[in-house]
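**Student:**
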Amino acid sequence: MKFMSNLCVIERIQPEHYMDIQGLYTNESVREYLGGIPQKNYIEASFRGMLEAPFPNTYFYISLKKTGEFIGLVSIDEYHEQELYELSYQFLPEYWGRGLAFEVLTQVVEEGLTYLNISSIVAETQTANRASCRLLEKLGMKKVQVLERFGREQAVYELKNTSAVTRQIVAISGGGFSQQIPSFIDHYILSQIKTTERIKICFIPTASNDAQGYIDKFYSAFTHCDATHILQEDMNNIKIREKILAQDIIYVGGGNTKLLLDKWHAYQFGELLKEAYKSGVILAGMSAGAMCWFDKCFSENQHNHYEEYNGLGLLSGTFCPHYDDPERSMLFNSWLKNNATLQAYTLNDAETLHFNNEKLVAKIQCY
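Under the numbering used here, read the sequence shown as residues -8 to 358, first letter to last.
1) Confirm the yes/no value for this check: CB of His345, any heavy atom of the ligand NAD, distance under 7 Å.
2) Is the separation between the beta-carbon of Thr118 and that of Val137 shorter than 8 Å?
3) Give me the residue from Glu60, Pro6 and Leu15 with the minimum Cα distance to Met41.
4) Do Leu264 and Leu274 have their beta-carbon atoms positioned less than 8 Å apart in this structure?
5) In this structure, does DSSP put Ala335 in helix, strand or coil?
6) Would Asp201 be called buried (16 or more neighbouring beta carbons within 10 Å of its own) or exposed?
7) Measure from the alpha carbon of Lys208 to the alpha carbon of each residue in Gln183, Ile172 and Lys191, then state which is nearest.
8) Are the Cβ atoms of Ala279 and Phe310 separated by less than 8 Å?
9) Reducing DSSP to helix, strand and coil, say where Leu104 ends up.
10) Flag this pair as yes or no: are the beta carbons of Gln145 and Glu115 separated by less than 8 Å?
11) Helix, strand or coil, according to DSSP, for Gly40 in the structure here?
12) From Pro84 to Ile62, what distance separates their C-alpha atoms?
13) Using only alpha-carbon positions, find the residue among Glu224, Val21, Leu222 and Leu344 that is nearest to Ser123.
14) Please list the terminal residues of the continuous alpha helix (DSSP H) segment that includes Leu75.
15) Would you check if there are 3 or more beta carbon pairs closer than 8 Å linking the region 337 to 345 to the region 302 to 322?
16) Report the rounded CA-to-CA distance for Gly59 versus Leu252, giving the unit in angstroms.
17) Entirely within the region 6 to 34 and at least 4 residues each: give me those alpha helix (DSSP H) ranges in chain order.
18) By the three-class DSSP mapping on this structure, what secondary structure does Met277 have?
19) Quick check on the DSSP output: what are the complete alpha helix (DSSP H) runs of length 4 or more inside the region 81 to 144, in order along the chain?
20) Check for me: the alpha helix (DSSP H) holding Phe260 runs from which residue to which?
21) Of the residues Pro45, Arg39 and Ile112, which one's Cα is nearest the Cα of Tyr70?
22) Go to Ile235, then tell me how far its beta strand (DSSP E) extends in each direction, as first and last residue.
23) If contacts are defined as beta-carbon pairs under 8 Å, then Ile241 and Cys193 qualify, I think. What distance do you get, rounded to the angstrom?
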């Protein structure tokens, strides 16, 4: 197996590569966060294991396309005791800071996920190795676990094969935990996550202007989950991306749609939610928290007058919750006459739409 990035050659390791690998394993800077320099017999055994590794374990020798200089080692192999595959890498320090690691790893991940036919790949690095953590985050990997291994705190990152990810949005007109506990629709949302671990769910109460009573109801409803929330003041926190991408479900509350969209725009929070959606995090929301996913929104402003707003555009068309309210339905229908090309979804209270990969797959009624 051999392929190219823009500046590098990426090829399966061969016996003649031993001296270069030995030099890599005995470089103090390279081994700083990898347990130090190992004994010669360990290096020999490791290299022999690379050559003899059964499929799909793969070890890549990286060299510069222009000069043939060896720069590093990258591998995809079985991850400890779990049925997962791990991306590992070591690059010589004279090639750090030149973008080569990012270039090579991007290509290896793209080729590897396809060639090996695996749905996701993980990477583990010491949390103290900030450069490595930043590199994995730049690759689009999200931190999913922090643990102790080899006497050091390790961060585990994961990248899912986007072609295998099911993108889901659950758009709720009314109901949910704000009106009843337990709630059928909330149970339905949770049932979309197939895991034996506690489900990670995050509440976004922006549209209610972060109303504390609303937040309290959320926590009362999801005591059996790993629940958290994000306030407006948290949205520019440097760790907010990590927190969002670690969730299984993002649940957006109802309230004022214009307030929600304005605040998200100010913090570029909508772009982060788009990234989470593409990575497979389920987006759920009620009323304003359902309208926001569509191209266009038609709802009240702070003065209770109806206006048109641009939504996040994850779903085509527009969405009208509480359509059984006579005034709302009348105003929405009037506005829609001037937007005849828009796909319009109108829902009475206690009705919900479920979209998979931007396609409507279910309409749920909870009377």
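We put the CB at the ideal spot given by N, CA and C, even for glycine.
**Tutor:** A quick look at the data gives this:
1) This structure lacks the ligand NAD, and indeed carries no ligand of any kind.
2) Along the sequence shown, read from residue 1 onward, the residue named residue 118 stands at position 127. Along the sequence shown, read from residue 1 onward, the residue named residue 137 stands at position 146. Contact flag set, yes.
3) Taking the sequence shown and counting its residues from 1, the one referred to as residue 41 is at position 50. That would be Pro6, whose Cα lies nearest to the Cα of Met41.
4) Along the sequence shown, read from residue 1 onward, the residue named residue 274 stands at position 283. Along the sequence shown, read from residue 1 onward, the residue named residue 264 stands at position 273. Contact flag set, yes.
5) Taking the sequence shown and counting its residues from 1, one reaches residue 335 at position 344. The three-state secondary structure of Ala335, taken from DSSP, is strand.
6) Here residue 201 is taken as the residue at index 210 of the sequence shown, counted from 1. With 16 or more Cβ atoms within 10 Å of its Cβ, Asp201 is classed as buried.
7) As a working mapping, residue 208 is identified with position 217 in the sequence shown. Closest by alpha carbon: Ile172.
8) As a position in the sequence shown, residue 279 is number 288, starting the count at 1. As a position in the sequence shown, residue 310 is number 319, starting the count at 1. Not a contact, by the Cβ cut-off of 8 Å.
9) The residue you call residue 104 lines up with position 113 of the sequence shown. Helix.
10) Reading the sequence shown from its first residue, position 154 is the one you call residue 145. Reading the sequence shown from its first residue, position 124 is the one you call residue 115. Yes, these two residues count as a Cβ contact at 8 Å.
11) One-based indexing of the sequence shown puts residue 40 at position 49. Gly40 falls in the helix class under three-state DSSP.
12) Locating residue 84 in the sequence shown gives position 93, where the first residue counts as 1. Locating residue 62 in the sequence shown gives position 71, where the first residue counts as 1. If you take the alpha carbons of Pro84 and Ile62, they lie about 9 Å apart.
13) One-based indexing of the sequence shown puts residue 123 at position 132. Nearest option by C-alpha distance: Val21.
14) Start at 1 with the first residue of the sequence shown, and residue 75 comes out as number 84. Taken as a continuous stretch (DSSP letters only), Leu75 belongs to no alpha helix (DSSP H), as it is neither H nor E.
15) yes
16) Here residue 59 is taken as the residue at index 68 of the sequence shown, counted from 1. Here residue 252 is taken as the residue at index 261 of the sequence shown, counted from 1. The alpha-carbon atoms of Gly59 and Leu252 are separated by roughly 52 Å.
17) If we require 4 residues or more, the alpha helix (DSSP H) runs fully inside the region 6 to 34 come out as 9 to 16.
18) Stepping through the sequence shown from its first residue, residue 277 is reached at position 286. Of the three classes helix, strand and coil, the one that applies to Met277 here is strand, per DSSP.
19) Runs of the alpha helix (DSSP H) lying entirely within the region 81 to 144, each at least 4 residues long, are 91 to 106 and 121 to 129 in chain order.
20) In the sequence shown, residue 260 corresponds to position 269, counting from 1. Phe260 to Lys269 is the extent of the alpha helix (DSSP H) around Phe260.
21) To locate residue 70, count along the sequence shown from 1; it is residue 79. Per the Cα distances, Ile112.
22) Within the sequence shown, the letter at position 244 stands for residue 235. First-last for Ile235: Ile231 to Leu236, but that is the alpha helix (DSSP H), not the beta strand (DSSP E).
23) By 1-based counting over the sequence shown, the position of residue 241 is 250. By 1-based counting over the sequence shown, the position of residue 193 is 202. With a Cβ gap of about 5 Å, Ile241 and Cys193 count as contacting.
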